[in-house]
Amino acid sequence: MSLRSETVPTAPFEGQKPGTSGLRKKTTIFQQPHYTENFVQSTFAALGMDVKGSTLIVGGDGRFFMKNAVDIIIKMAAANGVVRKLIIGKDGLFSTPAVSCVIRKRQATGGIILTASHNPGGADGDFGIKYNISNGGPAPEKITNLIFENTKTITEYKICRGVEVDISKVGTTEFTVDDKPYTVEVIDPVTDYVLLMKEIFDFEAIRQFLHGGTKIIINAMHGVMGIYAKQIFLNEIGLPADSCVNCEPKDDFGGHHPDPNLTYAADLVDLLKKGIHGFGAAFDGDGDRNMILGKNGFFVSPSDSVAVIAANTQHIPYFKKSGVKGFARSMPTGASLDRVAAKAGLDCYEVPTGWKFFGNLMDAGKVSLCGEESYGTGSDHIREKDGCWAVLAWLSILASRKQSVEEVLMDHWSTYGRNFFTRWDYEGVEADKANDMMTHLRTLVDATQTPDFIGKNFTQDGKTYIISEADDFEYTDPIDHSVSKNQGVRIITKDGSRIIFRLSGTSSSGAAIRMYIDNYLNDSSKFGLDAQEALKPFIKIALEISKLKEFTGRDAPTVIT
């Protein structure tokens with residue numbers, strides 16, 4: 063059957079600027095007539111002839127409006143004549159790590175991921191669209207900036223309404239659209255990813271360890287990772303069914319916030335505190351983030367998690383085979399990883415927040431392992447952070463070392479010292495107030511405007527810190543030499559402790575202020591302290607310097623990590 067496309071007149075919408083990981087807005091905004099179509103058309107226009115006759119991967123985390131968006135993309139890809147073939151996960155599902163995996167395995171030109179990651183779902187929640195390039199990683203700023211420019215001038219989009227595909231069934235459908243061939247293939251979203259995990263890890267060693275008496279609990283938080291968790295932990299490793307909970311993907315994530323942290327995954331923390339399970343983990347909506355817990359609710363901060371994996375690469379078959387080239391972390395992430403790199407004689411790169419900044423380093427063979435304080439950990443097996451990979455890495459380490467999570471951390475701290483770290487999130491702040499606070503901070507750290515800030519003393523609760531460095535972080539990519547400015551205000555004290563403030567690029571409404579506190583101690587008598595208690599004086603100093611309460615009116619953060 064030969065089909066014809068049509069051209070639909072439209073007009074720009076304000077604010078379709080992708081953030082650190084695509085465009086995220088309230089679902090109701092994406093549901094406006096032409097809104098999603100405008101952004102998809104702007105994306106195709108940005109890709110242009112570079113993807114002529116291409117194969118694109120499409121899928122998402124199962125949130126509300128995802129299937130509608132998949133249908134729109136199917137029809138618009140056909141009409142634009144750019145895409146020769148779409149590969150879509152069954153029911154539209156794909157975890158973000160799996161999209162990266164499939165792009166690389168199938169040598170696709172790129173992929174469109176339908177997710178707002180860890181943001182809430184449902185009709186009143188959030189939705190998002192992001193584009194990943196041929197290496198499997200998020201599009202660089204030169205592409206996202208072009209998409210944004212296109213959204214400001216768009217006057218029409220192309221669509222072929224006659225292209226209908228049943229995404230609930232695995233199979234291939236062929237079309238002829240405007241006299242050109244067009245194929246949509248629906249595949250099992252789990253198979254390729256699980257095969258990759260089995261190449262990286264020794265599943266038999268993990269199986270023997272877990273069947274030896276260590277009970278674990280995996281909480282998918284009703285996100286897409288549930289379908290992967292069941293295949294890996296139940297079918298491949300053979301754990302009992304109650305080892306995986308909340309594994310049925312729901313379009314509203316069961317009414318919960320699919321963010322794997324101590325606040326939104328408190329039920330998992332409470333379960334681990336009972337002492338029945340020796341290991342627990344949670345994933346976010348699209349499966350790229352993870353939280354690791356030990357027996358009795360022992361919490362592993364994301365900054366420590368990547369550092370521990372880095373210090374134990376010899377226990378992971380993939381690294382034993384490929385070697386370890388170097389490490390990288392996002393700028394706000396605690397500096398634990400730096401200490402592992404220094405001891406190993408390897409480079410450790412500091413990049414802005416956003417996984418896309420790791421991609422060039424990986425492609426150039428500079429980096430094998432990366433991490434973000436926002437619960438993201440991954441390696442160069444793909445070009446996205448990967449929650450399930452991080453869990454399997456931890457289980458590999460535990461299986462090899464025959465230790466508990468807490469014992470592994472205590473050994474790590476005795477070797478490297480401990481970077482006490484916390485992040486305070488202030489969500490939904492009025493944008494003007496948040497920007498005023500950041501302007502205040504930028505003025506403070508600008509030596510031409512506030513020359514006396516460096517060297518200034520701040521004291522709280524009997525502890526004094528002396529400011530030694532301060533800047534607004536700027537990153538020059540060592541591979542393509544692109545420059546990213548205004549990535550967050552850093553205030554560093556004489557003892558190496560750090561205060562960082564930045565505005566999040568993943569908020570769907572208002573502004574989200576992130577405050578990061580990183581304080582290094584090498585006193586074993588204090589390693590067991592609660593991070594919030596240990597950091598209390600430094601937190602007070604950070605709030606004093608930023609005048610956050612005065613600018614925003616906020617007495618307390620929304621979430622503490």
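Its first residue numbered 63, the sequence shown is counted upward by one per residue in this note's numbering. Each residue gets a CB set at the ideal place from its N, CA and C atoms; glycine is no exception.
Taking 3 residues as the shortest admissible run, the segment 471 to 499 contains the following complete beta strand (DSSP E) segments, listed from N- to C-terminal end: 480 to 491. The distance from the Cβ of G288 to that of P311 is about 6 Å, consistent with a contact at the 8 Å cut-off.
Counting along the chain, G421 sits inside the alpha helix (DSSP H) bounded by residues K418 to D425. The segment 81 to 88 makes contact with the segment 177 to 195, as at least three CB pairs between them are under 8 Å.
By the CB criterion at 8 Å, G347 and H180 fall inside the cutoff. Taking 8 Å as the cut-off, the Cβ atoms of L301 and L272 count as close. Ranked by Cα distance from A426, the first of G356, R445, N130 and W451 is R445.
Q169 is classed as exposed because its beta carbon has fewer than 16 other beta carbons within 10 Å across all chains shown.
The distance from the Cβ of P182 to that of F315 is about 7 Å, consistent with a contact at the 8 Å cut-off. One thing to note: D240 has its Cβ within 8 Å of the Cβ of G143. In this structure, the beta-carbon distance from K335 to N352 does not fall below 8 Å. By the criterion of a C-beta distance shorter than 6 Å, A141 is surrounded in its chain by S67, K220, I221 and C222, once the five residues flanking it on both sides are discounted. Note that the C-beta distance between I268 and L506 is not below 8 Å. In this structure, L324 lies near T623, with their beta-carbon atoms less than 8 Å apart. Taken in chain order, the complete beta strand (DSSP E) segments of 3 or more residues contained in the segment 188 to 223 are 188 to 194 and 218 to 221.
In summary, G517 is exposed, with fewer than 16 beta-carbon neighbours lying within 10 Å of its beta-carbon over all protein chains present.
For D366 and A397, the gap between their C-alpha atoms comes out near 9 Å. Close CB contacts of I562 within its chain, under the 6 Å cut and outside five residues either way in sequence, are with P394, G550, R552 and Y578 (chain order). Taking all protein chains shown into account, S64 has fewer than 16 neighbouring C-beta atoms within 10 Å of its C-beta and is therefore exposed.
In the three-state scheme derived from DSSP, where H, G and I count as helix and E and B as strand, A140 is classed as helix.
Comparing alpha-carbon positions, the option among S162, P74 and D133 lying closest to D448 turns out to be S162. Around the C-beta of D539, 16 or more other C-beta atoms lie within 10 Å, and the residue is accordingly described as buried. If you check the CB distance, F345 and A406 do not come in under 8 Å. One Cα belongs to G438, the other to Q78, and the distance between them is close to 25 Å.
The beta carbons of R463 and H377 sit about 7 Å from each other, so the pair counts as a contact at 8 Å. Cβ neighbours of F156 within its own chain (closer than 6 Å, five residues either side excluded): G121 and P251. Boundaries of the alpha helix (DSSP H) harbouring E266: F265 to L272, taken from the DSSP string. In the three-state scheme derived from DSSP, where H, G and I count as helix and E and B as strand, Y326 is classed as coil.
One thing to note: G154 has its Cβ no nearer than 8 Å to the Cβ of I249. If you ignore the 5 residues before and after R480, its C-beta comes within less than 6 Å of the C-beta of L583 and F589, all in its own chain and listed in chain order.
Look at M577 here: in three-state DSSP terms it is strand. In the structure shown, the three-state DSSP call for V386 is coil. Note that the C-beta distance between A493 and A618 is not below 8 Å.
The C-alpha of D514 is placed about 35 Å away from the C-alpha of F420. For the set N422, S559, L431 and D473, the Cα lying nearest the Cα of T484 is the one of S559.
Check the Cα spacing between T105 and each of A139, F127 and K129: the tightest is with A139.
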